[in-house]
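Undergrad:
Chains as they are written, first to last, in full-length UniProt numbering: chain C, 1 to 135; chain H, 1 to 178.
Structure follows, in C-alpha cells:
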C-alpha cells in the first residue's frame with residue numbers, strides 16, 4: 001500500500017496541512033498546493049450541485065491511472081484528502097484514523113488556533129508512524 | 001444500475017451533444033425574450049439584457065437548466081483534469097469520480113473531444129463503452145458525415161439523427177442501463 005500525500009483543508013478552502021510520504025507524483029511549489037486545494041474545494045461544491053438525484057455529497061473518490069484521491073469531509077467542513085496508489089481500496093478507513101489523530105493531537109492541543117496551519121510535532125510524529133505501519 | 005446523462009464537449013469547451021436518460025429533476029430552458037413588436041431600441045436593450053443575464057453563473061438552488069448544467073459539468077471535468085495533470089504529469093487524465101449519489105465517467109480523445117457519462121455509483125469501468133461511442137458512433141456518423149460541420153461554433157451541436165438513434169440502440173441493451 002502506497003500513500004503519496006495527505007492534504008487537510010479548512011472550511012474556507014485554506015490548506016492547513018500538507019505532507020508527502022512517498023515519491024511518485026510531481027513535485028509542486030507551495031503556491032501550486034494552494035491552487036490545488038482551492039480548485040478541489042470549488043469542484044467539490046459544484047459536484048454536489050450537478051447531481052442528477054437530490055442531496056448528493058461532494059466528490060468522495062477521484063480515480064486516475066496513477067493515483068486515487070479520497071476525500072473525507074467532516075461535519076464541521078474540514079476536508080481530508082488522501083492521495084494513494086490506485087489499487088488502494090481502504091482509503092476511507094485510513095482517513096478516519098487520520099481524523100482521529102487530528103482530533104487528538106491538533107484539536108486538543110491548547111496552543112493550536114482553529115482554522116490555522118497545523119504545526120504540531122506530536123501530530124507529525126504519530127501520522128508518520130501510522131503511515132509507516134500501514135505501508 | 002442506471003445511466004443518468006451523457007455529454008460531449010468539443011475542444012472549444014462547447015457542449016455539442018447532450019442526452020438525458022433517467023433523471024428525476026430537470027427544467028427546460030428558461031423562456032427567452034423573443035418579442036417581435038416594439039421599437040428597435042427597446043428590443044436591442046432587451047437583447048443586451050438577455051445576453052448579460054444568460055452569461056452569468058447559475059443562480060438559486062432549484063434544478064438547473066441544461067445550459068447551466070453543461071457549464072458546470074464542463075467546469076468540473078476541466079478543473080479536475082488540470083489538477084490531475086499537475087499532480088501526475090501532462091499525459092495523465094482521470095477516468096471517473098464518485099460522490100455519495102452518482103458517478104461521473106470521463107474520456108478524452110487525442111483531439112480534445114471530451115465524453116462524459118453520469119451514472120449510478122455502482123457502475124464500474126465503462127471506459128470501453130465511451131471509447132466505443134467515440135470510435136463506433138461519433139466517428140462513423142458525425143465525423144464521416146459530409147454534411148456535418150467539422151466544428152460546432154456557438155453551441156450548435158451534433159444534430160444528427162443517425163448518431164442519436166445509434167446511441168440509443170447501443171446503450172439500451174447494456175447491463176448498466178436498467
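Think of the CB as a built atom: it goes at the ideal place given N, C-alpha and C, for glycine as much as any other residue.
Which chain H residues sit within Cβ distance under 7 Å of residue 58 of chain C?
TA: The count along the first chain starts at 1 and reaches residue 58 of chain C at position 58. Chain H residues near residue 58 of chain C: 99.
Undergrad: If you draw a straight line from the alpha carbon of residue 81 of chain C to that of residue 73 of chain C, how long is it in whole angstroms?
TA: If you number the first chain from 1, residue 81 of chain C lands on position 81. If you number the first chain from 1, residue 73 of chain C lands on position 73. Those two C-alpha atoms are separated by around 9 Å.
Undergrad: What do you reckon, are the CB atoms on residue 19 of chain H and residue 167 of chain H nearer than 8 Å?
TA: The sequence position of residue 19 of chain H within the second chain is 19, counting from 1. The sequence position of residue 167 of chain H within the second chain is 167, counting from 1. In this structure, residue 167 of chain H lies closer than 8 Å to residue 19 of chain H by Cβ.
Undergrad: Which residues, in order along the region 57 to 91 of chain C, keep a beta-carbon less than 8 Å from a beta-carbon of chain H?
TA: 57, 58, 59, 60, 61, 62, 63, 64, 65, 66, 67 and 83
Undergrad: Can you find a CB in chain C that lies within less than 8 Å of the CB of residue 87 of chain H?
TA: Position 87 of the second chain, counting from 1, holds the residue named residue 87 of chain H. Closer than 8 Å: yes.
Undergrad: Using a Cβ-Cβ cut-off of less than 9 Å, give me the residues of the region 123 to 151 of chain H that come near chain A, in sequence order.
TA: Note that chain A does not occur in the displayed structure, where the protein chains are C and H.
Undergrad: Below 7 Å CB to CB, which residues in the same chain sit around residue 74 of chain H once its five sequence neighbours on both sides are set aside?
TA: Working through the second chain from its first residue, we reach residue 74 of chain H at position 74. Cβ within range, chain order: 9, 13 and 15.
Undergrad: What is the rounded straight-line gap between the Cα of residue 38 of chain C and the Cα of residue 147 of chain H?
TA: On the first chain, position 38 is the one that residue 38 of chain C refers to. On the second chain, position 147 is the one that residue 147 of chain H refers to. The alpha-carbon separation between residue 38 of chain C and residue 147 of chain H amounts to approximately 44 Å.
Undergrad: Short check: CB of residue 52 of chain C to CB of residue 4 of chain H, under 8 Å?
TA: For the purposes of this step, residue 52 of chain C is taken as residue 52 along the first chain, with counting starting at 1. For the purposes of this step, residue 4 of chain H is taken as residue 4 along the second chain, with counting starting at 1. Closer than 8 Å, so yes.
Undergrad: Using a Cβ-Cβ cut-off of less than 7 Å, list which residues of the region 65 to 92 of chain H approach chain C; keep chain order.
TA: Listed by position, the residues of the region 65 to 92 of chain H near chain C (Cβ gap below 7 Å) are 69, 72, 73, 75, 76, 79, 80, 83, 84, 86, 87, 88, 89 and 92.
Undergrad: Any beta-carbon of chain H closer than 8 Å to the one on residue 51 of chain C?
TA: Here residue 51 of chain C is taken as the residue at index 51 of the first chain, counted from 1. Chain H, which has a Cβ nearer than 8 Å to the Cβ of residue 51 of chain C, makes this yes.
Undergrad: Check whether the region 95 to 113 of chain H touches the region 124 to 135 of chain H, counting contact only when three or more Cβ pairs, one atom from each stretch, lie closer than 8 Å.
TA: Cβ pair count under 8 Å is three or more, so yes.
Undergrad: Could you please tell me which residues of the region 8 to 42 of chain C, in chain order, have their CB closer than 9 Å to any CB of chain H?
TA: 24, 25, 26, 28, 32, 35, 36, 39, 40 and 42
Undergrad: Taking the continuous beta strand (DSSP E) assigned at residue 117 of chain H, which residues delimit it?
TA: Mapped onto the second chain, residue 117 of chain H falls at position 117. Looking at the DSSP string, the run of the beta strand (DSSP E) that includes residue 117 of chain H is 114 to 119.
Undergrad: Answer with yes or no whether the minimum CB distance from residue 116 of chain H to chain C is below 8 Å.
TA: For the purposes of this step, residue 116 of chain H is taken as residue 116 along the second chain, with counting starting at 1. No, its Cβ sits nowhere closer than 8 Å to a Cβ of chain C.
Undergrad: Starting from residue 103 of chain H and walking both ways along the beta strand (DSSP E), at which residues does that stretch end?
TA: Against the second chain, residue 103 of chain H aligns to sequence position 103. Here the beta strand (DSSP E) through residue 103 of chain H covers 103 to 108.
Undergrad: For residue 114 of chain C, which option in C:8, C:3 and C:1 has the closest C-alpha, if you only look at C-alpha atoms?
TA: The sequence position of residue 114 of chain C within the first chain is 114, counting from 1. Among C:8, C:3 and C:1, the Cα nearest to that of residue 114 of chain C belongs to C:8.
Undergrad: Rounded to whole angstroms, what's the CA-CA distance from residue 11 of chain H to residue 116 of chain H? Just pull it up for me.
TA: Locating residue 11 of chain H in the second chain gives position 11, where the first residue counts as 1. Locating residue 116 of chain H in the second chain gives position 116, where the first residue counts as 1. Taking the straight line from one Cα to the other gives about 14 Å.
Undergrad: Can you name the residues that DSSP bridges to residue 64 of chain C?
TA: In the first chain, residue 64 of chain C corresponds to position 64, counting from 1. Bridge partners of residue 64 of chain C: H:94.
Undergrad: Determine the direct distance from the alpha carbon of residue 157 of chain H to that of residue 45 of chain H, and round the result to whole angstroms.
TA: Here residue 45 of chain H refers to the residue found at position 45 when the second chain is read from its first residue. Here residue 157 of chain H refers to the residue found at position 157 when the second chain is read from its first residue. Bear in mind that the predicted position of residue 45 of chain H carries a pLDDT of just 49, short of 50, making it too unreliable to give a figure here.
Undergrad: Who are the near neighbours of residue 83 of chain C in its chain, counting only those whose CB is closer than 6 Å to its CB and skipping five residues on each side?
TA: Numbered from 1 along the first chain, position 83 holds the residue referred to as residue 83 of chain C. Excluding residues within five positions, the ones whose Cβ falls inside 6 Å are 4, 5, 67 and 69.
Undergrad: Measuring alpha carbon to alpha carbon, tell me which residue in C:71, C:78, C:101 and C:2 is nearest residue 92 of chain C.
TA: In the first chain, counting from the first residue as 1, residue 92 of chain C sits at position 92. Nearest of C:71, C:78, C:101 and C:2 to residue 92 of chain C, Cα basis: C:71.
Undergrad: Can you list, in chain order, the residues of the region 93 to 122 of chain C whose Cβ is nearer than 9 Å to any Cβ on chain H?
TA: none
Undergrad: Pull up the distance between the alpha-carbon of residue 94 of chain C and that of residue 164 of chain H, whole angstroms please.
TA: Against the first chain, residue 94 of chain C aligns to sequence position 94. Against the second chain, residue 164 of chain H aligns to sequence position 164. Spanning the two alpha carbons is a distance of roughly 44 Å.
Undergrad: With a threshold of 7 Å, establish whether the CB of residue 172 of chain H neighbours any heavy atom of the ligand ZN.
TA: Among the components of this structure there are no ligands whatsoever, and the ligand ZN is therefore not found.
Undergrad: Give the interface partners of residue 102 of chain H over in chain C, defined as CB-CB distance under 7 Å, in chain order.
TA: By one-based count along the second chain, residue 102 of chain H stands at place 102. Within chain C, the residues near residue 102 of chain H are 51, 52, 53 and 56.
Undergrad: Cβ closer than 7 Å: which chain C residues qualify as neighbours of residue 4 of chain H?
TA: The count along the second chain starts at 1 and reaches residue 4 of chain H at position 4. Simply 52.
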